[in-house]
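Participant: Could you have a look at this structure, given as structure tokens, before my questions?
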Amino acid sequence: MRGETTDQPTNKPAAASTGIAGAGTTPTGATTVIERGTGRHLKRPLAFELRTPNALVQARRAGQISRRHLLQRALALGISGPVLSVILHATGDHLPRSSRPLAARAQPATPPAADIAPAATPTNPQGTRQEGGALVIAAPAEPDTLHPWLTRHPVSLDVVPGVMEGLLRFDHAQRLQPALAESFAISDDGLSYTFTLHEGVAFHNGNAFGAADVVAAWETKQRPNFAANSLGWNLVANVETPDERTVVITTNEPYGPLLSSVGVTPLCPATATEGSNQEFIEGFGRAPIGTGPFRFSVWEVGERLVLERYDRYWGSPPGLDSITIEFVPDPAARLASLHDGTYQLLGGASALTAVQLNQALPLPDLTVREYPTKTWQHLDLKQIGFLRETPVRQALDFATPRQRIIDDLLGGRAVAAFADQAPGTWAYHPDLTPRPYDPAQAAALLDEAGLTIGEDGVRARDGEPFTMELWGIEGDALAQPMV
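Residue numbers for the sequence shown follow this note's numbering, so the first one is 77 and each next one is one higher.
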């Protein structure tokens, strides 16, 4: 439990001796926190009173209060569950404990707390920053489009972050950090988000970035027949711009993940959206314009993409002069060209098969870095034909030899997936009960669904065969063997 202290001096050591974790205001204006059972006092300045959801968010992001203190204070203020969800997403406390920000909570925080906590400066103890030069990457396939609101292509998703930015961004631990917005505030009812934009930001076409560009994104995503990802944006009721550096986004109801959906949406100049849907989809998808450290230069169909350093970039300037991504579908050719120096990097998690990775490991002139990722391979089962039926979908799950795929095709470098979230992400639930590989159970479910095996060996019902076409991305060294 926690107790409120007063401004009056006291000689009673009850809080420390009884193991109560108390927080309150001392005569010095600092917060005194007594850690449970330790008797230690940690004093940190509070730049504001904890009376609103936004004050809780900023205090937590600044490291001035713990997650427990946040939850207790929210309860005391009578904050509703939906608004609390907004708060926890804004602070990163919806993440697994190991991924939460503010790990060093005992360190003094620096006001004003209205700013988003700055991202830590990355370090590279194994090398030094290179100034100038070109990086040439071999990619397994050519993108379908570079339009960030439309593509799910892995190569596109590698390219876009270097060209375009959102109000916020994710760091390596999936925590929100500032990008085009230098700060934000959340209203007491959890319905309004006020973003303060960075000054002096220019798009690659020379247009100044401002509040009108955020409004254009919202309006464009609402267009009829514009099939863009509208996650989060579909709950936005209004976007107001009190001035060029201020954006107020209001939702119809509290939506916890708004910052991690709307907040990270890559933004483009409002002028780019002025044409028809088709013009915006095709034109922008072939030559995107953003505010990122690299600007789009050229796309030679079937050959390569080239990005060039953007000298007016508002953030830390990139070291490289250019990045070239060449499309090399053949995995063997990618590895051979890396070995002879044609490429300096193989891009994407699907760049090599497990066999080729084992071949590359002993080569003295190559550096192989292995690290866990949140990438997951899956089959998208559309709601068509027999796939609409739950027993059929369950049968396919029982019939999928996950561990064999991992052992034989991936060289053991994977873990079995039982949902659409990877272990280590905040949405993953470790207590999920997976279906085991059980062909007999799969066959029984199909029999119960009336899909019986005919003389041709194909299951069918009422004369309609149960067949599927499986599609994969050309050049994907991991997915194609599975298909």
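The beta-carbon is built from N, C-alpha and C at its ideal position, and this holds for glycine as well.
Under 8 angstroms, with one C-beta from each stretch per pair, do the region 333-342 and the region 381-397 reach the 3-pair mark?
Facilitator: Cβ pair count under 8 angstroms is below three, so no.
Participant: Rounded C-beta distance between A492 and W452? I'm assuming under 8 angstroms.
Facilitator: In the sequence shown, the residue the question calls residue 492 occupies position 416. In the sequence shown, the residue the question calls residue 452 occupies position 376. Actually they are not in contact, since the Cβ atoms of A492 and W452 sit about 10 angstroms apart, beyond 8 angstroms.
Participant: From the DSSP secondary-structure annotation, give me the bridge partner or partners of P541.
Facilitator: Within the sequence shown, numbered from 1, the residue matching residue 541 stands at position 465. Beta-bridge pairing links P541 to A536.
Participant: Any idea which residues DSSP pairs L273 with across the strands?
Facilitator: Counted from its first residue, the sequence shown places residue 273 at position 197. For L273, which the question treats as bridged, DSSP gives the partners A257.
Participant: Please confirm whether L126 and A138 have their CB atoms less than 9 angstroms apart.
Facilitator: The residue given as residue 126 occupies position 50 in the sequence shown. The residue given as residue 138 occupies position 62 in the sequence shown. Taking 9 angstroms as the Cβ cut-off, L126 and A138 do not qualify as a contacting pair.
Participant: Below 9 angstroms between beta carbons: does that hold for P405 and L428?
Facilitator: Numbered from its first residue, the sequence shown carries residue 405 at position 329. Numbered from its first residue, the sequence shown carries residue 428 at position 352. No, these two residues do not count as a Cβ contact at 9 angstroms.
Participant: Using three-state DSSP, classify V382 as helix, strand or coil.
Facilitator: Within the sequence shown, the letter at position 306 stands for residue 382. In this structure, V382 counts as strand in the three-state DSSP scheme.
Participant: If I follow the unbroken beta strand (DSSP E) through S373, where does it start and stop?
Facilitator: Your numbering for residue 373 matches position 297 in the sequence shown. That run of the beta strand (DSSP E) goes 370-376.
Participant: Roughly how many angstroms lie between the CA atoms of R388 and H280, to the nearest whole one?
Facilitator: By 1-based counting over the sequence shown, the position of residue 388 is 312. By 1-based counting over the sequence shown, the position of residue 280 is 204. Their Cα atoms are separated by approximately 8 angstroms.
Participant: With a 10 Å radius around its C-beta and 16 neighbouring C-beta atoms as the bar for buried, classify M41 as buried or exposed.
Facilitator: Nothing about residue 41 can be reported from this structure: the residues present for the chain run from 77 to 559 only.
Participant: By DSSP, does V491 sit in helix, in strand, or in coil?
Facilitator: Residue 491 sits at position 415 when you count from the first residue of the sequence shown. In this structure, V491 counts as coil in the three-state DSSP scheme.
Participant: In this structure, does DSSP put A525 in helix, strand or coil?
Facilitator: The residue labelled residue 525 in the question sits at position 449 within the sequence shown. Three-state result, A525: coil.
Participant: Nearest to L132 by CA position, among W225, F260, V324, I213, is which residue?
Facilitator: As a first step, residue 132 is located in the sequence shown; it is residue number 56 there, counting from the start. Looking at the Cα atoms, F260 is the closest of the given residues.
Participant: Can you tell me whether V212 is helix, strand or coil according to DSSP?
Facilitator: Taking the sequence shown and counting its residues from 1, the one referred to as residue 212 is at position 136. In the structure shown, V212 sits in a strand (DSSP, three-state: E or B).
Participant: For W294, I'd like the list of residues in its chain whose CB is within less than 7 angstroms of its CB, leaving aside the five on either flank, ordered along the chain.
Facilitator: Here residue 294 is taken as the residue at index 218 of the sequence shown, counted from 1. Counting only Cβ-Cβ distances below 7 angstroms, and skipping sequence neighbours, we find W309, V312, V315.
Participant: In whole angstroms, what separates the C-alpha of N353 from that of P254?
Facilitator: Sequence index remark: in the sequence shown, residue 353 carries index 277 (1-based). Sequence index remark: in the sequence shown, residue 254 carries index 178 (1-based). Spanning the two alpha carbons is a distance of roughly 30 angstroms.
Participant: Can at least three beta-carbon pairs, one atom from the region 460-469 and one from the region 407-420, be found at a separation below 8 angstroms?
Facilitator: Contact fails: fewer than three Cβ-Cβ distances are below 8 angstroms.
Participant: Grab me the residues of S336's own chain with a C-beta within less than 7 angstroms of its C-beta, minus the 5 sequence neighbours each way, in chain order.
Facilitator: By one-based count along the sequence shown, residue 336 stands at place 260. Excluding sequence neighbours, S336 sits near H165, L252.
Participant: In its own chain, which residues sit with a C-beta less than 7 angstroms from the C-beta of R245, not counting the 5 before and 5 after it?
Facilitator: Numbered from its first residue, the sequence shown carries residue 245 at position 169. The residues are Q253, A255, V340.
Participant: Candidates R489, T509, M558, R469: which alpha carbon is nearest A520's?
Facilitator: Walking along the sequence shown from the start, residue 520 turns up at place 444. Taking only the C-alpha atoms, the option nearest A520 is R469.
Participant: Hey, could you find the ends of the beta strand (DSSP E) F245 is sitting in?
Facilitator: Counting from one through the sequence shown, the residue named residue 245 turns up at place 169. The amino acid occupying residue 245 in the given sequence is Arg; Phe does not appear at that position. Unbroken beta strand (DSSP E) run through R245: 244-246.
Participant: Would you give the residue range spanned by the alpha helix (DSSP H) that V340 belongs to?
Facilitator: Counting from 1 along the sequence shown, the entry for residue 340 is found at position 264. It is not in any alpha helix (DSSP H) - V340 carries neither H nor E in the DSSP assignment.
Participant: Rounded to whole angstroms, what's the CA-CA distance from E258 to R143? Just pull it up for me.
Facilitator: To locate residue 258, count along the sequence shown from 1; it is residue 182. To locate residue 143, count along the sequence shown from 1; it is residue 67. Computed Cα separation, rounded: 23 angstroms.
Participant: Can you give me the start and stop residues for the beta strand (DSSP E) that F403 sits inside?
Facilitator: The sequence position of residue 403 within the sequence shown is 327, counting from 1. Start and end: 398-403.
Participant: Just list the residues that DSSP pairs T418 with in beta bridges.
Facilitator: Position 342 of the sequence shown, counting from 1, holds the residue named residue 418. Bridge partners of T418: none, in fact.
Participant: Considering just the uninterrupted stretch of the alpha helix (DSSP H) at T167, what are its terminal residues?
Facilitator: As a first step, residue 167 is located in the sequence shown; it is residue number 91 there, counting from the start. T167 -> alpha helix (DSSP H) spans 157-167.
Participant: From the DSSP output, in three-state form, read off N283 for me.
Facilitator: Here residue 283 refers to the residue found at position 207 of the sequence shown. Residue state, collapsed to three classes: coil.
Participant: H248: which of D532, L383, P448 sits nearest, CA to CA?
Facilitator: For this step, residue 248 is matched to residue 172 along the sequence shown. Here the closest residue by C-alpha is P448.
Participant: Would you check if the region 372-379 and the region 318-327 touch, i.e. whether three or more CB-CB distances between them fall below 8 angstroms?
Facilitator: No, the region 318-327 does not touch the region 372-379.
Participant: Report the three-state DSSP secondary structure of L437 (helix, strand or coil).
Facilitator: Residue 437 sits at position 361 when you count from the first residue of the sequence shown. DSSP places L437 in coil when its eight states are reduced to three.
Participant: Output the boundary residues of the alpha helix (DSSP H) element that contains E358.
Facilitator: Your numbering for residue 358 matches position 282 in the sequence shown. Start and end: 353-362.
Participant: Within the same chain, show all residues whose beta-carbon is closer than 8 angstroms to that of P364, passing over the 5 residues directly before and after it, in chain order.
Facilitator: The residue you call residue 364 lines up with position 288 of the sequence shown. Result list for P364: L222, H223, P224, V236, V239, M240, C344, F372, in chain order.
Participant: Mind reading off the beta-carbon distance from L411 to A436? Whole number of angstroms is fine, and I expect it under 8 angstroms.
Facilitator: Translated into the one-based positions of the sequence shown, residue 411 becomes position 335. Translated into the one-based positions of the sequence shown, residue 436 becomes position 360. The pair is a contact, with the Cβ atoms about 6 angstroms apart (cut-off 8 angstroms).
Participant: Enumerate in chain order the residues of its own chain whose CB-to-CB distance from P219 is below 8 angstroms, with the five nearest sequence positions on each side excluded.
Facilitator: As a position in the sequence shown, residue 219 is number 143, starting the count at 1. So the qualifying residues of the chain are T227, H229, V231, S232, V235, L381.
Participant: Need the endpoints of the alpha helix (DSSP H) that D234 sits in, please.
Facilitator: The residue given as residue 234 occupies position 158 in the sequence shown. 230-239 is the span of the alpha helix (DSSP H), which, as asked, contains D234.
Participant: Just to check my reading of the structure: T317 and V338 have Cβ atoms closer than 8 angstroms, yes? What is that Cβ distance to the nearest angstrom?
Facilitator: Here residue 317 is taken as the residue at index 241 of the sequence shown, counted from 1. Here residue 338 is taken as the residue at index 262 of the sequence shown, counted from 1. Incorrect: roughly 15 angstroms between the Cβ atoms, too far for contact.
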